[in-house]
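Residue numbers (full-length UniProt numbering), protein chains in the order written: chain S, 1 to 234; chain E, 1 to 234; chain F, 1 to 234; chain V, 1 to 234.
Beta carbons: idealized from backbone N, C-alpha and C, even for Gly.
Model, not experiment: these values are computed from the prediction.
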């Protein structure tokens, strides 16, 4: 269902090319991007495709445009971003994260309100699986998806887990990148990622609607920062 | 993609039967519902099906359960709700509204941030179509869907309109009920419905992120109240 | 306690002078404001005072600055704004509204959660008083304050009404302007203002936390728009 | 200005006495509190005073009431809570935190939007002072207050820092408790507290409105949990 159309696909490809240049250091923080016209020519794409790429690069905080002055590189993502993912996939992964932010924060709030004991148990089991996988050094991709799915399923609204199911492939690709970056990082960083999941579980356990929404939103926001900003996590 | 499974379908049917009894006055505000056991027997369904129906009746504010004392009718929806919709469809329509609340409020915020002039024009055209249809006494169902779709499309994230597209049928059925209730109501009520759409447009026009999110959220919250509470709109 | 310091007072005075020029049409939508240097000279104030005025004019949406190009008039408030209020008071009134937005939306959510029957009765009484005053053509300033105070008092946290009490004078001055503009407007507009209060009451009555927060936030957001934008309400 | 009145003072005293019994283990998780009547008699206070104490114990998540069945102990705060604070002060400290949540999350969002370079520098300096104090083993109470004050001051609305100033004494007493609990905890816990402040600073630095609001809200929510729930932080 959720398949990108042609404009998106070409825009995503161009996004990936510019991303690659930022990650590799060809374009540095503060550098100005070529003009829209120049990009149309040098990448041989139409103006809507260039705009599509620029809107997303800006949405993801990688570039910023200043009225009249052009578009400038704003921050440099960790180099692992283009090593663990196809550069042309990154734009779609971040669009997906933007939708997840809206859907899953509301799902977490509803889960705190309506979850049954057995739904809570499902969330807890997925949390334990994440911890176990992390200890063995595996990437807990399917455990991570299972965790988020279990929270959505506890919302008492079957449409929430259905949206996640539809995005399954895209979500797991994003998790693979984020968890790969985490595995390469410090033990503290891995701990933080686990803590964020634990905080979501705890808030749903004690039926704290506000905390549950907040903890989910915070987790996804940090996730976004981890994959887009190399200065982010120490 | 988003098709309800068996437990949901049976739960939705039972939901519809109880809803019918509340709307028709067989069950009145304050009345206690039969116990879960009794419902299993008299409707010949399993306990998970009964629970599914009760979770949603409670989510939609039609009943409330008091620990140890049972489940009681909380409010009576307008009788048009079961006249303009199949009673067994209502539960799914309200689940859909819950998801829309999450998705569309975020889409409106992003639209205020990123919309282009031509995307704004699409929103404005849909708004004019709603107004024109209302004047002729038609139900502006497809104009209403076009409005919400245009806002989602202006979010700069193709996944937002795609979610709406996937839910198209369900959303339009919900709009048919709400707009039919509105057409039967006072001119003031119709005016209010139009005003809510106008406020969303205006906030996106002046790039006011906070107002846009708020106006969309408010609109969908009022919509939910209009279809579930007969005392709601005067 | 909350008395503006010297920088604020001078900035507010300058804000009022620029506001006056926008309202009277000396400065029109799209016009560029003089540079910071020019303003320092022509108004004989220091640069921090000019900045203080510009930050607030921008915060209130009256001007917008474009990097490298200067600061431009963005929208024109209704002329009643400077007729019903001292121009040099307007900045402070809008700062106050910004704080109220944060404090009162949370207070409304907590009131929905914790209000007692007698606290609900206080809110309802204030609502009736607003309606009665509106009918006689009086400005319901003290009834309006009483309504907002009663909501804050129902939050189960005495600090919320105490903040409103501290801001009492400032809030009532803001209400006087907004209600005077409303009294001059169409009957529909007065109706809308009443409806917004009624929606807050109803959500608190049925203990709907999400709706209560939303209804309060929406009301204060519309209020802000009514006093700052002459195109706003028809 | 913000001085509790008699009902609050007596309610806070009773709150402190019940809190003491929960912390010391006289009342255990799951135990039922005496009835309102019994409390009136045994503590020799009026019913509104008992209600005031119960509303707040429930608001703070320490007890929960089940309709018809009474009020039960819900969770046990860390024993440091009554060692580092006067038990009769705890209720007021938590009320203050509830107001801070509303005010400071909005202030952080506005700071991300409007902060100047010198205001950002003030936030960074306070952050460095927190880190330095933590390293020497001192309680960074005034650096912590300075950090939150600097964020509020960067909001471009002088009322936000003024509210914090008014609550200065209460806020610092709360910080003393929380930071004392942190100092007794694991190094990881201290790290987490610092990280939360760092995340707020970073979001304001890169002008990310959504992240800044979220990071402040998350920090204050965790703070609340740390002081009210002994199971909270490992």
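Given that a residue counts as buried once 16 or more other Cβ atoms are within 10 Å of its Cβ, and exposed if not, what is residue i?
i: residue 106 of chain S; result: buried
i: residue 16 of chain V; result: buried
i: residue 46 of chain E; result: exposed
i: residue 132 of chain F; result: exposed
i: residue 91 of chain F; result: buried
i: residue 50 of chain E; result: buried
i: residue 42 of chain S; result: exposed
i: residue 63 of chain F; result: buried
i: residue 88 of chain E; result: buried
i: residue 163 of chain V; result: buried
i: residue 25 of chain E; result: exposed
i: residue 192 of chain V; result: buried
i: residue 38 of chain E; result: exposed
i: residue 83 of chain S; result: exposed
i: residue 182 of chain E; result: buried
From the DSSP output, in three-state form, read off residue i for me.
i: residue 46 of chain E; result: coil
i: residue 186 of chain F; result: coil
i: residue 224 of chain E; result: helix
i: residue 114 of chain V; result: helix
i: residue 68 of chain S; result: coil
i: residue 193 of chain F; result: helix
i: residue 51 of chain F; result: helix
i: residue 83 of chain F; result: helix
i: residue 234 of chain S; result: Any reading at residue 234 of chain S needs caution, since the residue's pLDDT is 48, under 50, leaving its predicted position unreliable; the model's value is listed next. Coil at residue 234 of chain S, not helix or strand.
i: residue 26 of chain V; result: coil
i: residue 207 of chain S; result: coil
i: residue 32 of chain S; result: strand
i: residue 158 of chain S; result: coil
Can you tell me whether residue i sits near the ligand GTP, meaning its C-beta is under 6 Å from at least one heavy atom of the ligand?
i: residue 51 of chain F; result: No copy of the ligand GTP occurs in the structure displayed, which carries no ligand at all.
On the premise that residue j lies in contact with residue i, defined as a C-beta separation below 8 Å, what is that separation, rounded to the nearest angstrom?
i: residue 97 of chain S; j: residue 53 of chain S; result: The pair is not a contact, with the Cβ atoms about 17 Å apart (cut-off 8 Å).
i: residue 161 of chain S; j: residue 153 of chain S; result: 4 Å
i: residue 114 of chain V; j: residue 59 of chain F; result: 7 Å
i: residue 99 of chain E; j: residue 159 of chain S; result: 5 Å
i: residue 200 of chain S; j: residue 212 of chain S; result: 7 Å
i: residue 48 of chain V; j: residue 7 of chain V; result: 6 Å
i: residue 146 of chain F; j: residue 129 of chain F; result: 7 Å
i: residue 237 of chain V; j: residue 85 of chain V; result: No statement about residue 237 of chain V is possible, as the shown extent of chain V runs from 1 to 234 and does not include it.
i: residue 220 of chain S; j: residue 101 of chain S; result: 5 Å
i: residue 55 of chain S; j: residue 137 of chain E; result: At roughly 40 Å, the Cβ-Cβ gap does not stay under 8 Å, so residue 55 of chain S and residue 137 of chain E are not in contact.
i: residue 218 of chain V; j: residue 218 of chain S; result: 5 Å
i: residue 179 of chain E; j: residue 144 of chain E; result: 7 Å
i: residue 75 of chain F; j: residue 229 of chain F; result: 5 Å
i: residue 27 of chain S; j: residue 73 of chain S; result: 5 Å
Examine the Cβ distances between the segment 120 to 132 of chain V and the segment 171 to 178 of chain V and report whether three or more of them are shorter than 8 Å.
no
Given a limit of 7 Å on CB to CB distance, which residues of the segment 211 to 222 of chain V reach chain S?
211, 214, 217, 218 and 221
Under 7 Å, CB to CB, which of the residues in the segment 102 to 124 of chain V have a partner in chain F?
102, 103, 106 and 114
Counting beta carbon pairs with one atom in the segment 99 to 118 of chain F and one in the segment 55 to 73 of chain F, are three or more of them shorter than 8 Å?
Taking 8 Å as the limit for Cβ pairs, the verdict is that the segment 99 to 118 of chain F does not touch the segment 55 to 73 of chain F.
Across the segment 207 to 227 of chain V and the segment 221 to 231 of chain S, are there enough close Cβ pairs to call them in contact, namely three or more that are closer than 8 Å?
yes
Taking contact to mean at least 3 C-beta pairs separated by less than 8 Å, is the segment 75 to 94 of chain S in contact with the segment 31 to 41 of chain S?
no
Closer than 8 Å, Cβ to any Cβ of chain S: which residues of the segment 56 to 78 of chain F, in chain order?
66, 67, 68 and 69
Anything in the segment 160 to 190 of chain V with a Cβ closer than 7 Å to a Cβ of chain F? List those residues in chain order, please.
160, 162, 163 and 166
Residues of the segment 82 to 102 of chain E with a CB closer than 8 Å to any CB of chain S: list them in chain order, please.
95, 96, 98, 99, 101 and 102
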